[in-house]
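Mapping of the sequence shown onto numbering that gives the first Met the number 0: position 108 corresponds to residue 107, and the numbering continues sequentially without gaps. From the three backbone atoms N, C-alpha and C, an ideal C-beta is built for every residue, glycine too.
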Amino acid sequence: MNKAVFFDRDGIVNRRIIGGYVKAIEEFEINEDFLALFKYVKDNDYLAILVTNQQGIGKGLMSEADLALVHEYMQNLLEESTGSKFDAIYYCPDLAAANSYRRKPNPGMFEEAINQFEIDPEESWTIGDSPTDVIAGKRAGTNTILINNNTASIPFEADKVFADLEAALDYVRTVI
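Below you can see the structure in the form of structure tokens.
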């Protein structure tokens, strides 16, 4: 079976827009520390899977075509910077109120990837910056890393918590 790292997008791959959404490539700013982590994962034969809630689509703030352009831009940046890109991208456009099984904290997107790529969840990791990422990763059976510099709000479910991606990479080097 394959091993994978499931990455959240906003706040991990790119800088999060507080109170807003990345709706166009001009608003997409890669997290520089993410590049080294991503390269390490890919160089060690793990699949890199993006799992991202994108309710900006459900709210009518952007279209699926807009999101596709942002993801194409992101993939090009990754390939130019690291020589690799995400093996797959899963997104859920549903509003939180819809309680969709695909929308994190539910594990639907993870389960689709696990089935499609024959991934062993017990040998895989989820890296995100919110409790919903950790909960979804746990529900899918993966190990979890939370990037959160606000230690007062650490959910107990996370296997490991780090203040930033650089510290997470130091740890990932010991387990992958």
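Here N1 carries a strand assignment [DSSP, helix/strand/coil]. In this structure, N13 sits near V21, with a CB-CB distance shorter than 9 Å. Taking 9 Å as the cut-off, the Cβ atoms of Q115 and A87 count as close.
Closest in alpha carbon position to K137, among K103, K84, E79, is K103. Taking all protein chains shown into account, M73 has 16 or more neighbouring C-beta atoms within 10 Å of its C-beta and is therefore buried.
In this structure the stretch 139 to 149 does not touch the stretch 68 to 85; the number of beta carbon pairs closer than 8 Å is below three. DSSP lists F6, I144 as the beta-bridge partner residues of I126. L60 carries a coil assignment under DSSP once its states are collapsed to helix, strand and coil. Only residues of its own chain outside the window of five on either side were considered, and among them Q54, G57 have a CB closer than 6 Å to the CB of L94, listed in chain order.
In terms of Cα proximity to A23, the closest of N43, E63, A162, V171 is E63.
Beta-bridge analysis with DSSP links A96 to no other residue. V50: member of the beta strand (DSSP E) spanning 46 to 52, first to last residue. With fewer than 16 other beta carbons inside 10 angstroms of its own, A162 counts as exposed. The secondary-structure analysis by DSSP pairs F161 across a beta bridge with I146.
Here I29 is bridged, per DSSP, to N13. Rounded to the nearest whole angstrom, the C-alpha separation of E79 and E111 is 28 Å.
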